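Asks: For the sequence shown, position 175 (counting from the first letter as 1) is numbered 175 according to UniProt numbering, and the numbering increases by one without interruption. Here a beta-carbon is modelled for each residue, glycine too, at the ideal position from N, C-alpha and C. Here the structure is a predicted model, which is why all the values come from computation and not from measurement. The structure's right below; bear with me while I get my questions together.
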Amino acid sequence: MTHMEGCTRYPNLEDGVTDHNRSIHSLPFARRVKRRFVIMFYDSYWRSAFVLACLVLLWYISSTCLSFFNKIFLGKKNGIFGSGAFPAPLLMSGIQFFFQFLIVKMFFAFGFVKRLATRQVSRQVWIREVLPNGVITGLDIACSNKSLAFITLSFYTICKAAVPLYLLLFAFLFHIERPSLRLFGITLLIASGLALLVQGEANFELEGFLLVSAAAAFSGLRFTLTHLLLHGYPERERGGDERMGGPGQDGIERLRKDGAGMENGGDEAEERTA
1 MTHMEGCTRY PNLEDGVTDH NRSIHSLPFA RRVKRRFVIM FYDSYWRSAF
51 VLACLVLLWY ISSTCLSFFN KIFLGKKNGI FGSGAFPAPL LMSGIQFFFQ
101 FLIVKMFFAF GFVKRLATRQ VSRQVWIREV LPNGVITGLD IACSNKSLAF
151 ITLSFYTICK AAVPLYLLLF AFLFHIERPS LRLFGITLLI ASGLALLVQG
201 EANFELEGFL LVSAAAAFSG LRFTLTHLLL HGYPERERGG DERMGGPGQD
251 GIERLRKDGA GMENGGDEAE ERTA
């Protein structure tokens, strides 16, 4: 939506200012800011970007709170209600997955999320595409929870910051991204910073470090597999799946334009249902 279209469609957003020939610079500063904000909000691109930013922020907040809870629950020097650390971190991971399953079922049952396709996934496709993703995701969360029994939360966060490195590595292996000097420089910079941070850890425990490193690798792999599952396979090979955008023919373009695909997902769904 252009500036003129926004004024035409929403003429009463600015206290009766409906004259399109009137320059916006003649308005007071506060009203100019408000006018631009309102028009941007009603633009589909900026509205989608705002929703996406809110979802990312909510994800970071939830992830941080979950990390604190897991550390308090599993850490050797922590525990809840004075009873010490929970002795079965893998069991706790299984319980978390069970509640995730219930929440997802509830979202589908109450219509909060609708499937874009109604065909059933064949057993071969499920084993080849869906099952590996679920196994890797389980290993990621299980190793993450187990590592918190040995290392500090700050050290855990530092090691998990290596996920982009593994993500880039698996993107190369699956031919989603192409190697370049720029990406090599970024990878080297991140790896150097992580090495310096890990070297300064006072309470270093090898077992916890290996577990969280494995979790970071599994996390990079599961994000890559999720990307391929959502974007990298032909539509005819997929059954009742939920996609953030249309199927990509070129994996590298899809990886670079994931944000745009998520923003335009709602508009594409409306066009398909029209």
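Quick check: what's the CA-CA separation for Gln96 versus Leu230?
Replies: In the sequence shown, the residue the question calls residue 96 occupies position 96. In the sequence shown, the residue the question calls residue 230 occupies position 230. Rounded to the nearest angstrom, the two C-alpha atoms are 24 Å apart.
Asks: Pick helix, strand or coil for residue 295, following the three-state DSSP scheme.
Replies: The structure shown does not extend to residue 295, since the chain is modelled only from 1 through 274, so no value can be given for it.
Asks: Tell me whether Cys159 is buried or exposed, calling it buried when 16 or more other Cβ atoms sit within 10 Å of its Cβ.
Replies: As a position in the sequence shown, residue 159 is number 159, starting the count at 1. Answer is buried; the Cβ neighbour count reaches 16.
Asks: If you follow the alpha helix (DSSP H) that Trp59 is in, where does it begin and where does it stop?
Replies: As a first step, residue 59 is located in the sequence shown; it is residue number 59 there, counting from the start. Note, Trp59: alpha helix (DSSP H), 44–74.
Asks: In the DSSP assignment, find the unbroken alpha helix (DSSP H) run with Glu207 in it and report its ends.
Replies: Along the sequence shown, one-based indexing puts residue 207 at 207. 206–231 is the extent of the alpha helix (DSSP H) around Glu207.
Asks: Using 10 angstroms around the beta-carbon of Val94, count the other beta-carbons present and answer buried if the total reaches 16, otherwise exposed.
Replies: One-based indexing of the sequence shown puts residue 94 at position 94. Before going on, a small fix: residue 94 reads as Gly here, not Val. Exposed.
Asks: Is there contact between the stretch 134–150 and the stretch 170–180, where contact requires at least three CB pairs shorter than 8 Å?
Replies: Counting Cβ pairs under 8 Å, fewer than three are found: no touch.
Asks: Do Ser219 and Val163 have their CB atoms nearer than 8 Å?
Replies: For the purposes of this step, residue 219 is identified with residue 219 of the sequence shown, where counting begins at 1. For the purposes of this step, residue 163 is identified with residue 163 of the sequence shown, where counting begins at 1. Contact flag set, yes.
Asks: If you reduce the DSSP assignment to three classes, tell me which class Gly111 lands in.
Replies: What you label residue 111 is simply residue 111 of the sequence shown in a count that begins at 1. Coil at Gly111, not helix or strand.
Asks: What does the alpha-carbon distance come out to for the pair Leu66 and Tyr60?
Replies: Taking the sequence shown and counting its residues from 1, the one referred to as residue 66 is at position 66. Taking the sequence shown and counting its residues from 1, the one referred to as residue 60 is at position 60. Distance between the alpha carbons of Leu66 and Tyr60 is about 10 Å.
Asks: Apart from the five residues on each side of it in sequence, which residues of its chain come closer than 6 Å, Cβ to Cβ, to Val212?
Replies: Translated into the one-based positions of the sequence shown, residue 212 becomes position 212. Closer than 6 Å at Cβ, skipping near neighbours: Ser147, Tyr156, Cys159.
Asks: Cα separation between Leu90 and Trp46?
Replies: The residue given as residue 90 occupies position 90 in the sequence shown. The residue given as residue 46 occupies position 46 in the sequence shown. So the alpha carbons of these two residues sit roughly 42 Å apart.
Asks: Does the beta-carbon distance from Thr226 to Phe174 come in below 8 Å?
Replies: Here residue 226 refers to the residue found at position 226 of the sequence shown. Here residue 174 refers to the residue found at position 174 of the sequence shown. No, they are not a contact pair.
Asks: Looking at the unbroken alpha helix (DSSP H) that takes in Phe86, where does it start and where does it end?
Replies: Taking the sequence shown and counting its residues from 1, the one referred to as residue 86 is at position 86. No alpha helix (DSSP H) contains Phe86, which DSSP labels as neither H nor E.
Asks: Along the alpha helix (DSSP H) that carries Leu139, what are the first and last residues, could you check?
Replies: Here residue 139 corresponds to residue number 139 of the sequence shown, with the count starting at 1. Looking at the DSSP string, the run of the alpha helix (DSSP H) that includes Leu139 is 131–147.
Asks: Can you name, in chain order, every residue of its own chain whose Cβ lies under 6 Å from the Cβ of Ala215, other than the five neighbours on each side?
Replies: For this step, residue 215 is matched to residue 215 along the sequence shown. Closer than 6 Å at the Cβ level, and outside the excluded window around Ala215, lie Asp140, Cys143, Ser144.
Asks: Within 10 Å of its beta-carbon, does Ala149 have 16 or more other beta-carbons around it, so buried, or fewer, so exposed?
Replies: In the sequence shown, residue 149 corresponds to position 149, counting from 1. By the 10 Å Cβ count, Ala149 comes out buried.
Asks: In whole angstroms, what separates the C-alpha of Gly185 from that of Leu221?
Replies: Stepping through the sequence shown from its first residue, residue 185 is reached at position 185. Stepping through the sequence shown from its first residue, residue 221 is reached at position 221. Cα to Cα, the separation comes out at about 21 Å.
Asks: When burial is assigned at 16 or more other CB atoms within 10 Å of the CB, is Gly64 buried or exposed?
Replies: Numbered from its first residue, the sequence shown carries residue 64 at position 64. Checking the displayed sequence, the identity of residue 64 turns out to be Thr instead of Gly. With fewer than 16 other Cβ atoms within 10 Å, it is exposed.
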